[in-house]
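Here's the structure we're looking at; comments come further down.
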DNA sequence: CGAAGATATTAGCATTTCCTAATATAATAT
DNA sequence: ATATTATATTAGGAAATGCTAATATCTTCG
């Protein structure tokens, strides 16, 4: 778990948005993420690749889909960061609305 | 408070190191930070400028020195992120030692 | 005032990051 | 087999980031 790379991964808005979706406990295919985050297929796939490479998410092939979900085995110190960041992101969104 | 810029600021090692020092509750001049973080004057000054511009630290002129300290008025949602990140950084360092 | 110390800023360059467009791969359906 | 759907990867370019070296600013000291 490379803290620097994790923070860097979270600092990109589309990736942060993906984490918000993916950390609801469920699984989400790239096509769903693309649509909800308004991203092209290539961009979305690439961003999910980054999140996967730093260990924040895991994926699983399911027929023609790839299902992403939050990595359930994150170290506690990292999980606390994710929780705090997602909470702050949510706070932001409410303030903006 | 721009979450994206805050995470980006924290993702740079010298700046994270500066946050670790500056968030001990005290004040620290650039010359101290440069020395402890092994950075040139220009680099250190620039990095502190970034931390200041995103609101993570505040500064104060004191004779020929500029004293930096953690911004004491951070929103709680941001403070939680800082705490979690500094904690994870410390965990990392202990693991590496 | 002129020298010295501390900090900030500028200029130029190298590296990284992110994007689009195009192409490749994998699985399903006809 | 071929077409379709979903995803990944590649290539090329634009923009952002970080560094060094040099210069400017501000404050103290003699």
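Residue numbers (our numbering), protein chains in the order written: chain A, 21 to 117; chain B, 21 to 117.
Glycine included, each C-beta is placed from N, C-alpha and C at the ideal position.
Computed from a predicted structure; not experimentally measured.
### Message
Counting only beta-carbon separations shorter than 8 Å, does residue 65 (chain B) have a partner in chain A?
### Response
no
### Task
Go ahead and label residue 90 (chain A) buried or exposed: buried means 16 or more other beta carbons lie within 10 angstroms of its beta carbon, across all protein chains shown.
Buried.
### Query
Given that a residue counts as buried once 16 or more other Cβ atoms are within 10 Å of its Cβ, and exposed if not, what is residue 82 (chain A)?
exposed
### Query
Opposite residue 48 (chain B) in the DSSP bridges: which residues?
B:88
### Task
Please report the Cβ distance between residue 24 (chain B) and residue 33 (chain A), rounded to the nearest whole angstrom; I am assuming they are in contact, meaning their Cβ atoms lie under 8 Å.
Rounded, the Cβ-Cβ distance is 6 Å, consistent with contact.
### Message
Applying the 10 Å Cβ sphere with the 16-neighbour rule, what's the burial state of residue 79 (chain A)?
### Response
buried
### Task
Consider the Cβ of residue 109 (chain B): report whether some Cβ of chain A lies at a distance smaller than 8 Å.
yes
### Message
Rounded to whole angstroms, what is the Cα-Cα separation between residue 41 (chain B) and residue 35 (chain A)?
### Response
29 Å
### Task
Please determine, among B:112, B:53, B:76, the residue with the shortest C-alpha to C-alpha distance to residue 22 (chain B).
B:76
### Query
Assuming residue 71 (chain A) contacts residue 29 (chain A) under a Cβ cut-off of 8 Å, what Cβ separation, rounded to an integer in Å, is found between them?
6 Å
### Task
List the residues of chain B whose Cβ lies closer than 9 Å to the Cβ of residue 71 (chain A), in chain order.
Here the premise fails: no neighbours, minimum Cβ distance about 14 Å.
### Top-ranked residue by Cα proximity to residue 93 (chain A), from A:115, A:102, A:85, A:61
A:102
### Query
If the cut is a Cβ gap below 8 Å, which residues of chain A does residue 59 (chain B) touch?
Near residue 59 (chain B) there are no residues of chain A at all, since even the closest Cβ is about 16 Å away, more than 8 Å.
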